[in-house]
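Numbering of the sequence shown is given in this note's numbering, commencing with residue 2 and proceeding in unit increments.
One structure is given here, and the rest of the page talks about it.
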Amino acid sequence: MQQLLRGFNGTIFAYGQSGSGKTHTMLGPDSVVDAIKNGSDGISLEVQRMYGVIPRAIGDIFEDINRVVEAEHAQIELSVQYLEIYNEKIQDLLSKGLNVGSQDLRLRELPNGQMIVTGSEHKQVQTFDDIFLALMYG
Numbered sequence: 002m003q004q005l006l007r008g009f010n011g012t013i014f015a016y017g018q019s020g021s022g023k024t025h026t027m028l029g030p031d032s033v034v035d036a037i038k039n040g041s042d043g044i045s046l047e048v049q050r051m052y053g054v055i056p057r058a059i060g061d062i063f064e065d066i067n068r069v070v071e072a073e074h075a076q077i078e079l080s081v082q083y084l085e086i087y088n089e090k091i092q093d094l095l096s097k098g099l100n101v102g103s104q105d106l107r108l109r110e111l112p113n114g115q116m117i118v119t120g121s122e123h124k125q126v127q128t129f130d131d132i133f134l135a136l137m138y139g
């Protein structure tokens, strides 16, 4: 997570058979998902202890961002992208036109070696809740 603030991109990738526990690992149990749907205000410590990878990573990111902004009076932009890869097709889960197969998304490598998905949506976020809203939308 700390490398994000040094300009590196990050990806959280879950792969596996249906029912194998990807959602549980990435988000946490149903009580966490319900709390996320209702917003982060007032989520109990008991529920926070059950957070999966994504809520923990988001918390770490915002903790680091707040520290940098306070210490260095920096401005930081944060955006999220939410993609599904299924049957070798890439689907943008944040796209407004959520018709499978209607998007022309392609994986491209830039001259500097960076991999990008062209035509995908990047949503600007400023808070924990903004990310959770994007996650629930997708």
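Even glycine gets a Cβ: it sits at the ideal position worked out from N, Cα and C.
Predicted model only: the values in this text are computed from it and were never measured.
Simplified DSSP assignment, three categories, for residue i
{"i": "Ile-1", "result": "Outside the modelled stretch of the chain, which goes from 2 to 139, sits residue 1, for which no answer is possible."}
{"i": "Arg-57", "result": "helix"}
{"i": "Arg-109", "result": "strand"}
{"i": "Gly-20", "result": "coil"}
{"i": "Met-27", "result": "helix"}
{"i": "Met-137", "result": "helix"}
{"i": "Ile-44", "result": "coil"}
{"i": "Ile-132", "result": "helix"}
{"i": "Gln-4", "result": "helix"}
Strand pairing of residue i, partner residues [DSSP]
{"i": "Asp-93", "result": "Leu-84"}
{"i": "Lys-124", "result": "Val-81"}
{"i": "Val-69", "result": "BP columns for Val-69 are empty, so no partner."}
Closest Cα partner of residue i within the set the options
{"i": "Val-126", "options": "Gly-139, Leu-79 and Gly-60", "result": "Leu-79"}
{"i": "Asn-88", "options": "Gly-8, Gly-17, Val-70 and Gln-3", "result": "Gly-17"}
{"i": "Leu-60", "options": "Phe-133, Phe-129 and Leu-134", "result": "One detail in the question is off: residue 60 reads as Gly in this sequence, not Leu. Selected option, being the one with the closest Cα: Phe-129."}
{"i": "Arg-57", "options": "Lys-97, Thr-26 and Arg-109", "result": "Thr-26"}
{"i": "Ala-135", "options": "Lys-38, Ile-66, Gly-8 and Arg-68", "result": "Lys-38"}
{"i": "Ser-146", "options": "Ile-55, Ser-32, Val-54 and Gly-53", "result": "Absent from the model: residue 146. The displayed extent of the chain is 2 to 139, so no value can be given."}
{"i": "Gly-29", "options": "Met-2, Glu-85, Arg-68 and Val-48", "result": "Val-48"}
{"i": "Leu-84", "options": "Arg-107, Asn-113, Ile-62 and Gly-43", "result": "Arg-107"}
{"i": "Ala-36", "options": "Gly-22, Lys-23, Tyr-52 and Asn-113", "result": "Tyr-52"}
Beta carbon of residue i nearer than 9 Å to that of residue j
{"i": "Tyr-138", "j": "Leu-94", "result": "yes"}
{"i": "Met-2", "j": "Asp-65", "result": "yes"}
{"i": "Ile-152", "j": "Leu-5", "result": "Limits of the chain in this structure are 2 at one end and 139 at the other, which puts residue 152 out of reach."}
{"i": "Asn-23", "j": "Val-81", "result": "For the sequence presented, residue 23 should be read as Lys rather than Asn. No, Cβ-Cβ distance for Lys-23 and Val-81 is not below 9 Å."}
{"i": "Ile-122", "j": "Lys-97", "result": "Reading the sequence as shown, one finds Glu at residue 122 and not Ile. Yes, these two residues count as a Cβ contact at 9 Å."}
Unbroken beta strand (DSSP E) run spanning residue i, endpoints
{"i": "Thr-119", "result": "116-119"}
Any chain C beta carbon closer than 9 Å to residue i
{"i": "Gln-125", "result": "Among the chains of the structure shown, chain C does not appear; only one protein chain is present."}
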